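One structure is given here, and the rest of the page talks about it.
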Amino acid sequence: MLHSMSTTVEPSSERSAAEVNEEIRALWLRSGGTLSVEQREEYQRLVMEWATAAPESVKAA
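Going by the numbering used here, the sequence shown opens with residue 23, and the numbers climb by one from there.
Structure, rendered in structure tokens:
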């Protein structure tokens with residue numbers, strides 16, 4: 023059975039922007055700099071989660 027990955031960010035995320043950023047960096051390191059289709063979906067989900075967690079001052083920089 024295949025499960026689709028949701029790209030919806032849960033608003034109740036308890037992780038900080040720094041924690042999500044660390045996961046994004048780890049994803050890029052694991053991929054060797056080239057993301058597969060599945061990794062791109064994960065990356066997009068993480069970026070959305072980061073944007074939700076990041077303070078406005080960081081987003082504007």
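Virtual Cβ for every residue (Gly too), placed ideally from N, Cα, C. Just so it is clear, the structure is predicted and the values come from calculations on it, not from any experiment.
Residue i (DSSP reduced to helix, strand or coil)
i     : result
Leu57 : coil
Glu36 : coil
Ala76 : coil
Pairwise C-alpha distance: residue j and residue i
i     : j     : result
Glu1  : Ile46 : There is simply no residue 1 to check, as the chain begins at 23 and stops at 83 in what is shown.
Trp50 : Trp72 : 15 Å
Gly54 : Ala48 : 10 Å
Ser38 : Glu44 : 10 Å
Tyr65 : Ala76 : 16 Å
Arg52 : Ser58 : 11 Å
Leu68 : Glu41 : 10 Å
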